[in-house]
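See below for the structure under consideration.
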Ligand SMILES: *Cc1c(COP(=O)(O)O)cnc(C)c1O
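Residue numbers (this note's numbering): 1 to 359.
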């Protein structure tokens with residue numbers, strides 16, 4: 001009988017070297033770490049969802065192409081008629097599909113640094129080389145460096161989050177257009193925070209054949225459903241469709257998302273509340289002289305403070321969970337990120353931070 005090798009001998013070395021994506025335990029805490037919408041849906045809508053769930057034929061596979069859901073998305077998100085849609089189990093899955101599809105030997109997946117960590121992680125999963133072009137100190141796009149890197153490395157795909165996570169800012173739209181025009185590969189604009197930004201490349205799709213726009217319902221209030229989408233030319237979408245695992249969007253996600261999208265105004269009103277809370281919180285934090293607060297077009301705020309690690313820990317002891325970015329990238333030294341919660345949660349966070357810094 002053969003003796004089994006242990007994982008160290010079987011698993012790819014770059015996977016062995018990975019640190020697992022860490023989700024912080026949050027039971028019973030004020031959860032301001034993951035860019036979730038803090039609001040629930042209205043009771044009447046929840047009742048409708050309950051009835052849909054009760055009647056759903058869960059003994060059957062779901063609609064493989066999710067046509068009804070795609071139609072609802074087209075209406076709700078102003079997707080140009082001529083564009084194709086690819087659905088993912090969260091937009092993370094879409095990033096993975098694109099990366100797998102372009103991962104020829106020596107192909108490069110490019111993004112900026114700091115950016116959404118999944119761009120780099122998924123590049124590793126899918127065996128495509130990752131290259132991150134540093135942002136400037138103020139987290140703006142370094143266009144000159146980008147154009148040089150594009151000319152030199154000819155990336156198969158560039159991912160740019162707009163607004164960017166974890167920094168919260170929108171890159172200059174003209175700079176992004178220059179990147180799209182300079183690139184001979186794909187450029188994916190990840191608009192996960194679109195609802196809080198009011199800016200989009202969706203209407204540019206018809207002008208640039210190498211442009212794709214990615215959205216998700218996660219930050220909008222449906223994080224638990226897991227639904228992301230890619231919008232772009234049907235020639236691209238057709239190829240990616242081949243790599244989408246059959247039935248990746250479950251029947252509950254299809255039914256509930258379709259229902260909620262008939263009430264997009266509910267989600268958009270919640271987003272408006274979050275935006276006004278963002279402005280209140282940003283003003284409050286900016287008034288604290290110990291903090292450097294970065295402008296945000298998303299549903300979170302990035303700030304820098306001395307001894308960020310210690311402050312993060314003390315907040316946690318007080319049952320307030322935010323995200324520590326200190327230690328993840330040189331530009332994020334002493335940086336913390338707080339998601340905008342309910343007015344009460346935000347107040348508790350602000351009061352606690354104020355107390356910690358002034359005791
Ligand atoms: C949260 C986030 C996503 C992932 O969203 P899911 O649809 O929940 O997988 C994608 N891109 C960025 C920039 C994000 O911040």
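Just so it is clear, CB atoms sit at the ideal spot from N, CA and C, and this is done for glycine as well.
Owing to the predicted nature of the structure, the values given are computational and were not obtained by experimental measurement.
Per DSSP, residue 118 is one residue of the alpha helix (DSSP H) stretching across 117 to 125.
For residue 23, the secondary structure class from DSSP, reduced to helix, strand or coil, is coil.
Taken from the Cβ of residue 349, every heavy atom of ligand 1 lies 6 angstroms or farther away. Under the DSSP assignment, residue 74 falls in the alpha helix (DSSP H) whose first and last residues are 67 to 77. Its chain contains 141, 143, 146, 147, 150, 158, 160, 187 as the residues whose beta carbon lies nearer than 8 angstroms to that of residue 179, once the 5 sequence neighbours on both sides are disregarded; these appear in chain order. The C-beta separation of residue 115 from residue 128 comes to about 16 angstroms, leaving the pair out of contact by the 8 angstroms criterion. In the three-state scheme derived from DSSP, where H, G and I count as helix and E and B as strand, residue 12 is classed as coil. What you get when you keep residues with a C-beta closer than 5 angstroms to any heavy atom of ligand 1 is 90, 91, 92, 116, 161, 165, 190, 192, 216, 218, 228. Between residue 63 and residue 262 a beta carbon distance of about 17 angstroms is seen, past the 8 angstroms cut, so the two are scored as non-contacting.
Contact between the segment 169 to 176 and the segment 292 to 300 is present: 3 or more CB-CB pairs across the two stretches fall below 8 angstroms.
Within the same chain, Cβ atoms closer than 8 angstroms to the Cβ of residue 214 are found at 91, 94, 95, 188, 189, 190, 191, 192, 228, 229, 230, 231, the five residues on either side in sequence being excluded. Secondary structure note for residue 301: its beta strand (DSSP E) is the uninterrupted segment 300 to 305.
Boundaries of the alpha helix (DSSP H) harbouring residue 153: 143 to 153, taken from the DSSP string.
In the DSSP annotation of this structure, the continuous segment of the beta strand (DSSP E) that includes residue 215 starts and ends at 211 to 216. For residue 104, same chain residues with a beta-carbon under 8 angstroms away, outside a window of 5 residues either side, are 156 in chain order.
Secondary structure note for residue 276: its alpha helix (DSSP H) is the uninterrupted segment 264 to 286. If you draw a straight line from the Cα of residue 340 to the Cα of residue 324, it comes to about 15 angstroms.
Within the same chain, 270 come within 6 angstroms of residue 39 by CB-CB distance, once the 5 residues on both sides are set aside. Residue 337 is bridged by DSSP to 302, 323.
By the neighbour-count definition (other C-beta atoms within 10 Å, threshold 16), residue 87 is a buried residue. Residue 308 and residue 356 have their alpha carbons spaced roughly 11 angstroms apart. In the same chain as residue 110, and ignoring 5 residues on each side of it, the C-beta atoms closer than 6 angstroms to its own belong to 131, 155, 158, in chain order.
Residue environment for residue 247: exposed (fewer than 16 other C-beta atoms within 10 angstroms of its C-beta). Nearest neighbour of residue 319 by Cα position, chosen from 333, 345, 337, 305, turns out to be 345.
Checking the DSSP bridge columns, you'll see residue 161 partnered with 190. Per DSSP, reduced to three states, the secondary structure at residue 245 is coil, with no helix or strand assignment. The closest CA to that of residue 250, considering only 275, 234, 224, 240, is found on 224. Using a 10 angstroms sphere on the CB of residue 72, the tally of other CB atoms reaches 16 or more, which defines it as buried. Residue 221 and residue 33 have their alpha carbons spaced roughly 15 angstroms apart. Per the coordinates, the alpha-carbon of residue 124 lies some 29 angstroms from the alpha-carbon of residue 312. Put simply, the backbone Cα of residue 162 is about 20 angstroms away from that of residue 267. Beta-bridge partners assigned by DSSP to residue 133: 112. The straight-line gap separating the alpha-carbon atoms of residue 60 and residue 176 is approximately 44 angstroms. The DSSP-derived three-state label of residue 31 is strand.
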